[in-house]
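Each remark here refers to the structure printed beneath this line.
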Amino acid sequence: MEALMVFQYGREIQVPGTARMLEFLMTSDDGYSSSTAGGNTRRYHGLFVQGGRMLLAGLDEKVNGIRLSTQQYEKASDDEGLRYLYGFSVYPPSWVYWLDDIIIKKTVSFDGNLSVVYQISGDADLWVRPLITDRPVRELLRAPAPACINKRNGFGWKELFFEGDLPFESHPDTYRDIWYQREHERGYEAVEDLYSPGIFEGRVSDSTVMFRCTGNAHSAQNSHRTQSPQTFPEWLEWASDAFCHRDEIVAGYHWFCESWGRDSAISVTGLLIERGLKSEARAVLKRLSDMNQDGVIPNRFPDNYHTSDASLWFIHALARYRRRWGDDPFMEKMKPVIGNILENYPSSPVASLDHELISVVPKSTWMDTEFTPRGGKPVEINALWIGALMEAEAMGILTAVSPDSAREEFKRFWNETAQCLYDVIDPVDPAIRPNQVIAISLGLVNPEQATTALDTINRLLLTPYGLRTLSPSDPKYQGYYTGDSSYHNGSVWPWLTGCYVEALLRNDIPRERAAWVLAPVLQHIREAGMGYISEIFDGNPPHRPGGCIAQAWSVAEIARAYKLVFEPA
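Everything in the sequence shown is counted per our numbering, starting at 910 for the first residue and increasing by one.
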């Protein structure tokens, strides 16, 4: 597991399907740069995205009249450049082209501002057209007409400036019917136009030229570092940095480019606390505590309070913080927040106390679609509830329910027929789902039942990339992701791996077994979103990755699992 992880690709990327599956991503506080080795395939792809707006979509490039860039159109694809592509690596993303005796290495760097460097060996006429627009990343635009202003060595639009080392000539053009393959596959509108204000062109002989796109970005110190790490631990730390910006954790790229309460509370342990980043973790936790309203922390900021688990995951994260750094002044400030949550959460619009356990309203857990409403008493909600009561007791916070009495009632979750835990009780839902591993990881299941439950989980839910959200024997199971109906009814979510590995180790399963479980998902960082871990995978082999190419809690919990297995305290 300590082997070098160098992201280098050779002639295999001359195949369009291969090149366009390899996505790169570099982030800053309020922006990112992302595409594939073979050009843009998503409406979210662009070399300069800031404040949720697509600005610089890409570059059209020619050397000696031969087009190097690749682009798909509604009725055709221009893949000529892939014929000359003999190397690709990240990070930073670099392409190596050979045209007879000319070698061109192109490198893209992003730290809130963008630089594109062409190192050329030989004599070449280099021609570059910036392709720009101005739209929200979730929308597409026809006939864009950004108000560009020509300046020395380049042009400006909005608050951005694009300049280069080669002479710039104003020569407006519109590239029509640009087609995004992945959007088409997902069933979304996939065609738009891009605008180019002009051309950078000149003769380059055995030298280097650079292009820069600068804007109103925050300083580079708050951006994701682009230098490529070499080992799995370094990669996981590198990936973790991509989501952490000031006091926020971005939920996922590309379409969750915002901070969510539940995702932040789950992710802060693996991304920050386990890495010893105390002040950064404290900032995230403080922001969540400030959002507390009558015992409930919102899921989507600023005012979506329809979540029954964010508050409990928040206390769980505070317990992890306290386990690492003890009762410091920050935890003293958090004591009244914990007390407020435990007093008000059980009578909130999303949760109610029924005897010693918590009942929640439908569609308020992390499985939050209409196809998995889970109203009643979900197993992970009540496991986290008991964990919160135990943490409060350890901190001397008075609660209306004792953790011992809640643990006693929790025994009702045992499903003797299936030899595992019910996913929901009151009313009983016998569906075999992975949420029970959270209870097992917290030590709330006796060793004999925990071992039996893990056997059931291994047999029905375990895949090389994590746990299925539903047993394949269930009539509602969907083995391939097709949208909300399959989102939590068969899709694999790698974030659950952290609790699963913790459950294995807690119940004396050999550490080697846990290492084998982690191996495929760690290797996954060479595909899809390179360096990252995807949001979901198909439940059926070959378990194709899907959803976000870079999901915060996927990275966080795999990183935490890695430390549990390979760096035990």
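Note that the Cβ used here is the ideal one computed from N, Cα and C, for glycine as well.
These numbers were taken from a predicted model, which means no experiment stands behind them.
What is the DSSP secondary structure of residue i, reduced to helix, strand or coil?
i, result
"H1127", "At H1127, the pLDDT of 46 sits below 50, so the modelled position is not reliable; the number obtained from the coordinates is stated separately. DSSP places H1127 in coil when its eight states are reduced to three."
"T1178", "helix"
"I1366", "helix"
"T1406", "helix"
"S1024", "strand"
"K1264", "Sequence inspection shows His at residue 1264; the Lys mentioned does not correspond to that position. H1264 falls in the coil class under three-state DSSP."
"A928", "helix"
"N1213", "strand"
"V1246", "helix"
"Q980", "strand"
"D1236", "coil"
"A1226", "helix"
"F1322", "helix"
"A1052", "coil"
"P1356", "helix"
"I1137", "Here residue 1137 turns out to be Ser, not Ile, going by the sequence shown. Residue state, collapsed to three classes: coil."
"D1218", "coil"
"E990", "Per the sequence shown, the amino acid found at residue 990 is Gly instead of Glu. If DSSP states are grouped into helix, strand and coil, G990 belongs with the helices."
Going by beta carbon distance, what residues of the same chain come within less than 8 Å of residue i, once the five residues before and after it are set aside?
i, result
"A1315", "E1265, L1266, N1291, W1294, I1295 and L1298"
"L1413", "L1363, R1422, A1423 and V1426"
"R1191", "Y1230 and F1239"
"H1127", "Residue placement at H1127 is poorly supported in this model, since its pLDDT is 46, which falls under 50; the coordinates still yield a value, given next. The answer, listed in chain order, is S937, D938, D939 and G1021."
"W1222", "R1171, A1174, I1175 and L1293"
With residue i as the anchor, note down where its beta strand (DSSP E) starts and where it stops.
i, result
"Q1202", "Careful: Q1202 lies outside any beta strand (DSSP E) and carries neither H nor E."
"G955", "G955 to Q959"
"F1019", "I1011 to F1019"
"G1375", "G1375 to R1377"
"S943", "G940 to T945"
"F916", "F916 to Y918"
"A966", "R962 to V972"
"Y1471", "No beta strand (DSSP E) contains Y1471, which is instead part of the alpha helix (DSSP H) from A1461 to F1475."
"S1273", "Neither: S1273 is in no beta strand (DSSP E) and is coded neither H nor E."
"E921", "No beta strand (DSSP E) holds E921; DSSP gives it neither H nor E."
"Y1006", "S1003 to L1008"
"C1166", "F1165 to S1168"
"G948", "Where G948 is concerned, there is no enclosing beta strand (DSSP E), given that its DSSP letter is neither H nor E."
"I1306", "No beta strand (DSSP E) contains I1306, which DSSP labels as neither H nor E."
"E1279", "Counting along the chain, E1279 falls outside any beta strand (DSSP E), and DSSP gives it neither H nor E."
"Y1162", "E1157 to Y1162"
Along the alpha helix (DSSP H) that carries residue i, what are the first and last residues, could you check?
i, result
"G1296", "V1288 to A1303"
"V999", "First-last for V999: L994 to V999, but that is the beta strand (DSSP E), not the alpha helix (DSSP H)."
"S1350", "Q1345 to S1350"
"F1141", "F1141 to D1150"
"E1318", "P1312 to F1319"
Quick one: what's got a C-beta closer than 6 Å to residue i's C-beta in the same chain, skipping five residues either side?
i, result
"Q980", "G948 and D987"
"R1038", "D969, S1105 and I1108"
"T1281", "H1397"
"V1113", "I1029, A1033 and L1035"
"V1025", "V1017 and F1120"
Quick check on residue i: buried or exposed, where buried means 16 or more other Cβ atoms within 10 Å of its Cβ?
i, result
"R1469", "buried"
"P1339", "exposed"
"N1213", "exposed"
"I1182", "buried"
"Q917", "exposed"
"K1242", "exposed"
"Q1130", "With a pLDDT of only 44 at Q1130, under 50, the local geometry of the prediction cannot be trusted, and no value is derived from it."
"M910", "Only weak support exists for where M910 lies, its pLDDT of 44 falling under 50; the value from the coordinates is given anyway. Per the 10 Å Cβ criterion, exposed."
"L1307", "exposed"
"I1029", "buried"
"P1001", "buried"
"P1207", "buried"
"D1447", "buried"
"G974", "exposed"
"H1080", "exposed"
"Q1432", "exposed"
"D1393", "exposed"
"N1201", "buried"
"N1344", "buried"
"G1073", "buried"
"G955", "buried"
"Y982", "exposed"
What does a CB cutoff of less than 7 Å around residue i pick up in its chain, not counting 5 residues either side in sequence?
i, result
"W1323", "L1330 and Q1358"
TODO: Tell me the start and end of each unbroken beta strand (DSSP E) in the segment 1059-1112 that is at least 3 residues and wholly inside, in chain order.
DONE: 1063-1066, 1069-1073 and 1077-1088
Task: Completely contained alpha helix (DSSP H) runs for the segment 1383-1448, where each covers 4 or more residues - done: 1393-1396, 1406-1415 and 1420-1432
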